[in-house]
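Chains as they are written, first to last, in full-length UniProt numbering: chain H, 1 to 401; chain V, 1 to 401; chain G, 1 to 401; chain Z, 1 to 401.
Working notes, beginning with the structure itself.
There are 4 protein chains.
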Amino acid sequence: MDYVYGPGRNHLFVPGPVNIPEPVIRAMNRNNEDYRSPAIPAMTKTLLEDVKKIFKTTTGTPFLIPTTGTGAWESALTNTLSPGDRIVSFLIGQFSLLWIDQQQRLNFNVDAVESDWGQGANLDILAEKLAADHTHTIKAICIVHNETATGVTNNLATVRKLLDHYRHPALLLVDGVSSICALDFRMDEWGVDVALTGSQKALSLPTGIGIVCASPNALEASKSSKSVRVFFDWNDYLKFYKLGTFWPYTPSIQLLYGLRAALDLIFEEGLDNVIARHSRLGKATRLAVEAWGLKNCTQKEEWYSDTVTAVLVPPYIDSTEIVRRAWKRYNLSLGLGLNKVAGKVFRIGHLGNLNELQLLGCLAGVEMILKDVGYPVKLGSGVAAACAYLQNNIPMIPSRI
Amino acid sequence: MDYVYGPGRNHLFVPGPVNIPEPVIRAMNRNNEDYRSPAIPAMTKTLLEDVKKIFKTTTGTPFLIPTTGTGAWESALTNTLSPGDRIVSFLIGQFSLLWIDQQQRLNFNVDAVESDWGQGANLDILAEKLAADHTHTIKAICIVHNETATGVTNNLATVRKLLDHYRHPALLLVDGVSSICALDFRMDEWGVDVALTGSQKALSLPTGIGIVCASPNALEASKSSKSVRVFFDWNDYLKFYKLGTFWPYTPSIQLLYGLRAALDLIFEEGLDNVIARHSRLGKATRLAVEAWGLKNCTQKEEWYSDTVTAVLVPPYIDSTEIVRRAWKRYNLSLGLGLNKVAGKVFRIGHLGNLNELQLLGCLAGVEMILKDVGYPVKLGSGVAAACAYLQNNIPMIPSRI
Amino acid sequence: MDYVYGPGRNHLFVPGPVNIPEPVIRAMNRNNEDYRSPAIPAMTKTLLEDVKKIFKTTTGTPFLIPTTGTGAWESALTNTLSPGDRIVSFLIGQFSLLWIDQQQRLNFNVDAVESDWGQGANLDILAEKLAADHTHTIKAICIVHNETATGVTNNLATVRKLLDHYRHPALLLVDGVSSICALDFRMDEWGVDVALTGSQKALSLPTGIGIVCASPNALEASKSSKSVRVFFDWNDYLKFYKLGTFWPYTPSIQLLYGLRAALDLIFEEGLDNVIARHSRLGKATRLAVEAWGLKNCTQKEEWYSDTVTAVLVPPYIDSTEIVRRAWKRYNLSLGLGLNKVAGKVFRIGHLGNLNELQLLGCLAGVEMILKDVGYPVKLGSGVAAACAYLQNNIPMIPSRI
Amino acid sequence: MDYVYGPGRNHLFVPGPVNIPEPVIRAMNRNNEDYRSPAIPAMTKTLLEDVKKIFKTTTGTPFLIPTTGTGAWESALTNTLSPGDRIVSFLIGQFSLLWIDQQQRLNFNVDAVESDWGQGANLDILAEKLAADHTHTIKAICIVHNETATGVTNNLATVRKLLDHYRHPALLLVDGVSSICALDFRMDEWGVDVALTGSQKALSLPTGIGIVCASPNALEASKSSKSVRVFFDWNDYLKFYKLGTFWPYTPSIQLLYGLRAALDLIFEEGLDNVIARHSRLGKATRLAVEAWGLKNCTQKEEWYSDTVTAVLVPPYIDSTEIVRRAWKRYNLSLGLGLNKVAGKVFRIGHLGNLNELQLLGCLAGVEMILKDVGYPVKLGSGVAAACAYLQNNIPMIPSRI
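Structure representation (structure tokens):
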């Protein structure tokens with residue numbers, strides 16, 4: 001079953017699924033249980049309460065849906081919108097593209113705002129659209145907080161400011177798949193109506209829980225949404241929340257215990273410390289890229305992502321070959337370039353339960369691979385640049401002081 | 001996290017989620033991996049090939065969807081039918097009721113055929129409907145193979161015979177959630193068009209994979225189905241099957257390895273031996289119930305289920321109290337009576353990776369609980385009846401002869 | 001690697017190694033760690049403090065030696081005695097025999113007091129020897145608290161009374177391998193000088209830690225003991241205790257975390273409740289044996305063991321065949337008869353993390369096996385007798401009330 | 001229980017216990033079993049056969065003793081020698097010192113040959129002693145193949161040549177604790193009489209098995225050895241080998257399955273490839289040390305160790321502070337300097353299941369720590385030097401080509 005086994009640990013630097021911490025692997029190492037016994041609802045109650053903290057919301061209502069990010073998207077859309085509703089949606093990379101594809105197939109009227117891949121959402125155009133929309137035909141703004149394909153982080157605070165400025169009632173639906181629990185995310189402060197993530201991203205669990213959090217406005221909208229839905233229907237959850245049994249259908253016992261452990265670790269480290277750690281890892285990675293003489297796919301600093309860095313390679317190199325060699329020679333898993341940037345970028349995911357020395361091992365590996373494929377990198381240069389920054393900025397591990 | 005811990009093993013006899021065998025727990029005890037590396041597609045290919053064997057199909061196309069049984073239902077319906085389509089659906093217990101509720105909410109025109117809870121699907125009425133349907137307004141027959149709420153197994157071979165007899169082209173959609181891998185199920189022979197199950201049932205995995213298998217007819221129907229769907233759309237899977245990367249969105253790495261191990265165990269034991277074992281366990285349970293002087297909720301022998309037994313309690317006993325005491329005093333998890341039979345039945349699940357001595361421990365526990373709640377059971381009577389049968393019928397463990 | 005796999009759980013009823021509770025398996029599911037980091041000594045400190053509670057001592061000094069019970073024996077002897085020292089040692093079964101063999105090979109002068117296998121230590125003879133030993137030539141009394149081969153529990157309180165009565169200074173060395181953490185054991189109250197057990201017995205861990213606890217007298221004796229020893233030398237431990245690093249050589253990280261979890265579970269249940277549970281399991285087993293019309297190898301009630309029952313079979317049956325069939329047909333592991341009682345007894349271990357329904361499954365299995373081998377057992381009779389007792393005596397699980 | 005938890009993986013670079021590969025952790029994630037069932041002897045048989053391969057012996061007899069390296073030493077000595085026997089033993093660091101201490105306490109007549117810490121065994125003196133020993137008073141040569149405290153590898157081939165040259169019959173006892181399965185070791189070719197290692201070293205298991213392999217000469221010697229021993233007595237093993245049940249006392253079930261998995265991984269990679277990998281890791285580490293401007297504690301290239309590198313720090317730095325900061329700030333576990341070199345060296349263990357990128361992460365960490373403690377290292381310099389070598393020398397992972 002491990003027929004492609006290589007010595008030592010796999011260095012997992014795809015932007016999801018990410019490394020699972022040992023205590024979480026341990027917590028999930030268990031037999032099934034009756035989810036109708038008193039134990040599971042009691043634990044679920046703590047999960048629903050605690051998961052709100054990673055969204056920074058006190059007023060939101062979370063749903064732990066046995067699905068992936070794609071399902072979480074569908075849940076966000078079908079519960080709050082009706083077929084034909086106009087949505088402004090930003091196309092800035094492969095994952096926003098896939099979400100827009102879903103929006104169209106679900107029969108929404110998608111007003112797509114496209115940017116070059118490597119740029120953030122064009123908020124000037126959003127401003128124009130909001131300004132022009134006196135009759136409030138726009139029912140929702142759909143935006144990916146962090147586009148995983150290009151390593152671009154959008155400015156959600158500005159989106160909220162524009163909506164407020166134009167007193168526009170459109171719902172704000174945010175894909176936080178590669179941001180929540182890693183980047184600064186403030187559901188209540190930014191007036192996000194639906195935020196969502198997947199368990200296999202910064203929460204550092206296996207795939208299997210789509211976590212969706214709905215604002216009171218979103219819940220209100222769900223009462224009149226005419227989108228057909230059953231599996232993804234929030235009402236089924238709300239009914240069981242009232243009963244105190246919580247689950248309309250069978251959850252994964254293992255993932256519930258895993259989520260409990262994952263949240264415990266995040267709160268032990270401190271959510272803000274977790275975010276600061278991602279900031280360090282992102283900065284260190286970008287310093288290495290710069291030292292290698294390569295360009296970040298992300299075109300401006302304001303959009304730099306602290307969870308994933310897409311690195312542009314020179315035209316004479318196929319980035320797919322970099323990813324292939326990483327796995328075949330160095331037991332290193334990097335992210336491919338997708339769609340428009342296929343062959344042009346490779347991606348370093350630096351999110352989830354990860355520390356600086358793990359990243360530095362990856363960066364050293366990337367240097368060797370760059371050399372393998374004919375790029376004239378100075379070996380050690382990226383690691384040196386990253387270390388120069390990190391050595392000044394890594395805090396002591398609090399529990400060990 | 002184990003704040004309701006009791007000494008010794010939990011005796012898990014709910015009809016799902018069921019006991020996970022140790023080798024499967026081991027196989028899932030692992031970190032995440034890049035699902036775009038060559039390793040995961042290579043393993044997925046073997047899974048898709050091998051999973052067909054548990055459906056007994058060579059022509060079907062399987063989908064391993066990151067969802068639950070409820071999602072698998074939705075996948076079966078929305079890919080093959082269009083809103084307004086007439087469906088004949090059998091209501092014989094809580095799970096068929098829930099499926100019908102879903103069918104209605106998905107805007108199908110449901111022609112529900114109801115039976116007393118404890119009876120099987122009324123196939124005489126099906127015959128009448130088919131006979132009368134000269135214009136083929138019925139697009140699908142939806143039937144639960146094994147109704148988990150009442151322990152009733154329907155006769156699928158007869159359903160197929162009726163369809164053939166009336167040369168009716170309706171699709172045959174089967175919920176095999178608590179039957180596949182435990183009861184005799186023959187997708188190709190019985191002309192089942194969509195069959196589905198969930199990983200946490202007889203496959204003995206955690207919850208998280210809805211396994212749906214589509215016949216060529218069902219695939220053909222999916223091309224013209226007008227039901228809105230994205231997450232559950234088979235076409236996305238088929239597109240990635242062609243690419244050889246298999247996954248339109250992130251699967252659970254752990255469940256894939258777990259499924260591999262679960263299938264290996266089933267094939268090592270032999271699928272027919274697995275089914276024979278369930279037959280033994282079912283028979284032994286029913287003999288115990290009879291010895292206790294209690295009635296099976298299932299009204300006729302032809303419907304007896306070998307995966308779950310719903311036991312009727314005398315009117316002066318609340319079956320909920322039996323389930324509660326089982327857990328609180330004996331570390332035994334039994335199934336509650338649901339909806340119409342709430343308080344009237346308790347359920348013993350005897351499916352999945354389970355052996356005879358485990359069942360006998362459960363039966364001994366049930367006897368003590370019956371006494372606890374005031375039923376004048378003769379202690380040892382059920383175990384004696386079960387043992388008398390089992391001692392003549394348990395085979396030697398093949399690997400140990 | 002699981003080439004003898006059978007469906008369902010293995011029913012493990014050998015008197016060690018015993019079932020490991022899931023939380024302990026989880027706690028041990030981990031990578032290695034540096035045992036010289038601050039983490040391991042900090043945890044070790046809590047272990048040494050807490051392990052004293054299972055010996056019921058406040059004055060003893062515990063040693064967690066990376067060895068088995070055989071090594072723990074050697075540690076007890078070589079640290080307290082010198083070659084040629086006279087020991088009174090009781091031979092009542094295979095394990096006391098093996099200990100005496102070790103005592104002889106270590107060059108002690110063993111004064112063995114033999115009983116029939118099935119009887120306890122002959123304390124009348126001990127009294128005689130003590131009375132006669134005016135010059136205190138006897139340096140130690142070596143006694144197995146619970147002889148695992150015959151299911152005989154010796155009365156340690158009486159041994160202490162005799163020593164006190166004769167004001168005899170001999171050290172009291174006790175093998176508590178199959179008693180400590182399961183039977184009533186009081187190191188301080190009974191003036192035990194060295195007590196020992198193994199991790200794979202009632203502590204319900206894997207094999208690998210020999211736990212030895214020394215009284216102040218025993219520690220004093222170790223200063224003048226002339227037995228050659230290095231690996232087992234307590235002085236090496238004491239030196240590292242003083243340094244606060246605790247380990248003279250590398251411990252098993254996994255077993256330390258496992259021991260931490262095992263102790264936590266025992267204290268959560270309550271040591272006295274653990275002992276009461278073993279008393280219930282022992283009593284229930286003996287009632288079943290009686291109902292089957294078979295005899296206990298233990299000849300008098302005063303010696304009945306609550307951790308293991310050795311069952312005598314009629315002369316026309318080979319008990320080895322019972323053990324063989326248990327494993328080959330029922331996935332049940334029973335203990336063989338050893339040495340003098342080989343072929344004549346089979347043993348049911350009922351110690352460690354075990355509950356009543358597990359035992360009842362085993363008893364039902366034994367009934368079927370007895371029938372298999374031609375013994376005219378009434379199926380259900382043993383289970384009925386056990387249930388009649390247990391149904392009146394099992395407490396509610398405290399954490400679930 | 002993880003109260004010193006830090007984010008991300010612990011970087012374990014002590015020279016034991018070392019990282020356990022995931023497949024081995026998985027293999028050990030299991031309940032106990034009856035070690036007297038047919039399954040365990042059948043597996044043990046394969047282990048005893050296969051473990052000989054890591055010693056490169058076909059004539060040796062292996063013993064898998066539930067103990068540590070210290071116990072394995074004691075087993076080697078007491079089975080082959082008698083009290084008073086003259087031993088030539090080399091003192092070149094802390095572990096050879098401890099072995100000599102054991103030899104003395106076991107009452108052998110130790111003729112210690114001391115070298116500066118950082119030098120190998122003085123084989124010139126051995127030659128002199130052999131030349132002078134016409135009456136063969138020397139009964140054994142005891143030598144540590146790889147001194148873990150100083151990172152010094154001794155030349156065993158030369159030792160054998162000297163013994164042969166002087167036709168001296170002394171037994172050759174070798175501590176291969178930090179060499180076997182990592183360095184070139186040839187039991188038969190070099191005429192080693194007893195070789196030993198511990199499970200937690202290059203085999204990459206938890207602590208708990210002392211693996212001792214005895215040549216026919218050593219077995220012969222064990223027949224007349226007068227050293228007192230029971231737990232460590234080979235004869236008890238040999239007796240059970242003959243019976244085919246293999247175990248004189250209870251083994252750890254988990255470690256047996258773990259050893260099976262560990263051997264499978266080693267053979268899959270190929271033992272010679274494993275050794276070549278260690279050679280690469282050792283060379284890369286030394287290149288980094290050189291680039292940092294620091295000195296290797298090992299004084300000559302001929303003694304360089306490929307499993308552990310002891311790095312000398314300038315007098316104004318306390319190496320203990322380096323180890324402390326590594327753990328407290330970087331989640332990196334390094335080895336302390338011991339005894340004579342305490343405060344003067346820190347150690348990087350690079351043995352066991354480890355790959356190049358893991359090592360490079362460690363080296364990057366060491367660079368930052370060196371800067372932390374005031375050493376003027378050029379960040380990136382060591383990594384660059386290591387990468388320059390590794391990029392030319394790492395092979396493709398065979399299973400992924």
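Yeah, the Cβ is synthetic: ideal placement off N, Cα and C, and Gly gets one too.
Every value quoted in this text rests on a predicted model; they were computed, and no experiment measured them.
Anyone know if the C-beta pair for Z/I25 and G/N29 falls short of 8 Å?
-> In this structure, the beta-carbon distance from Z/I25 to G/N29 falls below 8 Å.
Closer than 8 Å at the beta carbon, the chain V residues around G/I394 | Correct list: R329, Y330 and M368.
For a contact meaning CB atoms closer than 9 Å, what does Z/E22 contact in chain V?
-> The answer, in chain order, is N29, R30 and N31.
Run of the beta strand (DSSP E) containing Z/P62, from where it starts to where it stops = Start and end: T61 to I65.
Can you tell me whether DSSP reads H/E114 as helix, strand or coil?
-> Three-state DSSP puts H/E114 in a strand.
DSSP on H/R347, reduced to helix/strand/coil?
-> In this structure, H/R347 counts as strand in the three-state DSSP scheme.
The alpha helix (DSSP H) with H/Q139 in it runs from where to where?
-> Checking the sequence shown, residue 139 of chain H turns out to be Lys, not Gln. Bounds of any alpha helix (DSSP H) do not take in H/K139; it lies within the beta strand (DSSP E) bounded by I138 to V144.
Report the neighbours of H/D34 on chain V: residues whose CB is nearer than 7 Å to its CB, in chain order.
-> Chain order gives the chain V residues near H/D34 as L12, V14 and S333, where near means a beta carbon separation below 7 Å.
DSSP on H/Q119, reduced to helix/strand/coil?
-> Here H/Q119 carries a strand assignment [DSSP, helix/strand/coil].
When burial is assigned at 16 or more other CB atoms within 10 Å of the CB, is residue 406 of chain Z buried or exposed?
-> An answer regarding residue 406 of chain Z cannot be provided, because it is not within the stretch 1 to 401 covered by chain Z.
Own chain, CB closer than 6 Å to G/V313, minus 5 neighbours either side, in chain order = Here the set comprises S319.
Is it true that the stretch 171–191 of chain G meets the stretch 51–64 of chain G, where meeting means three or more beta-carbon pairs spaced less than 8 Å apart?
-> Yes, the stretch 171–191 of chain G is in contact with the stretch 51–64 of chain G.
For Z/V113 versus Z/L91, is the C-beta spacing smaller than 8 Å?
-> Yes, the Cβ-Cβ distance between Z/V113 and Z/L91 is below 8 Å.
Going by C-alpha distance, which of G/Q119, G/T137, G/G198 and G/W303 is nearest G/V18?
-> Looking at the Cα atoms, G/G198 is the closest of the given residues.
Beta-carbon neighbours of Z/L390, restricted to chain H and to distances below 7 Å | Result: M368.
Quick one: what's residue 422 of chain H bridged to in DSSP?
-> Lying outside 1 to 401, the shown extent of chain H, residue 422 of chain H is not represented and no answer is given.
To the nearest angstrom, how far is it from the Cα of Z/A39 to the Cα of Z/W234?
-> Going from the Cα of Z/A39 to the Cα of Z/W234 covers about 23 Å.
Note down, in chain order, each residue of its chain lying with its Cβ closer than 8 Å to the Cβ of V/K226, except the 5 sequence neighbours on either side.
-> Here the set comprises S82 and P83.
Sequence-distant residues of its chain with Cβ nearer than 7 Å to residue 429 of chain V (five each side left out) | One cannot answer for residue 429 of chain V here, as it falls past the ends of chain V, which runs 1 to 401.
For Z/G374, count neighbouring Cβ atoms within 10 angstroms of its own Cβ and tell me buried if that reaches 16, exposed if not.
-> Under this definition Z/G374 is an exposed residue.
Any C-beta of chain B sitting closer than 8 Å to the C-beta of Z/P7?
-> Of the protein chains in this structure, namely H, V, G and Z, none is chain B.
Hey, quick one: how far does the alpha helix (DSSP H) through H/L258 stretch, first residue to last?
-> Before going further, note that residue 258 of chain H is Gly rather than Leu in the sequence given. Unbroken alpha helix (DSSP H) run through H/G258: I253 to E269.
Any chance the stretch 251–267 of chain H sits against the stretch 278–296 of chain H, with 3 or more Cβ pairs inside 8 Å?
-> The stretch 251–267 of chain H vs the stretch 278–296 of chain H: no contact.
Within chain Z, the residues that H/S399 reaches when beta carbons sit closer than 8 Å = Those within 8 Å of H/S399 in chain Z are Y3, V4, Y5 and G6.
Could you give the distance in angstroms between the alpha-carbon of H/K328 and the alpha-carbon of V/T80?
-> Using only the alpha carbons, I get a separation of about 42 Å.
Throw me the rounded Cβ distance for the H/G69 and H/G210 pair, which I believe falls under 8 Å.
-> In this structure H/G69 touches H/G210 by the C-beta definition: roughly 6 Å separates them, less than 8 Å.
Do H/V14 and H/G282 have their C-beta atoms closer together than 8 Å?
-> Not closer than 8 Å, so no.
How big is the Cα-Cα spacing for G/N154 and Z/N355?
-> Taking the CA atoms as reference points, G/N154 sits about 55 Å from Z/N355.
Listing by chain order, which chain H residues have their CB less than 8 Å from the CB of V/I253?
-> By Cβ distance, chain H contributes P17, P206 and T207.
When DSSP labels each residue in this structure, what does H/M1 get in the three-state scheme?
-> Below a pLDDT of 50, predicted positions are generally treated as unreliable, and H/M1, at 47, falls in that range; the measurement from the model is reported next regardless. Looking at H/M1 - three-state DSSP - the assignment turns out to be coil, as it is neither helix nor strand.
DSSP-derived helix/strand/coil call for Z/V18 = Here Z/V18 carries a coil assignment [DSSP, helix/strand/coil].
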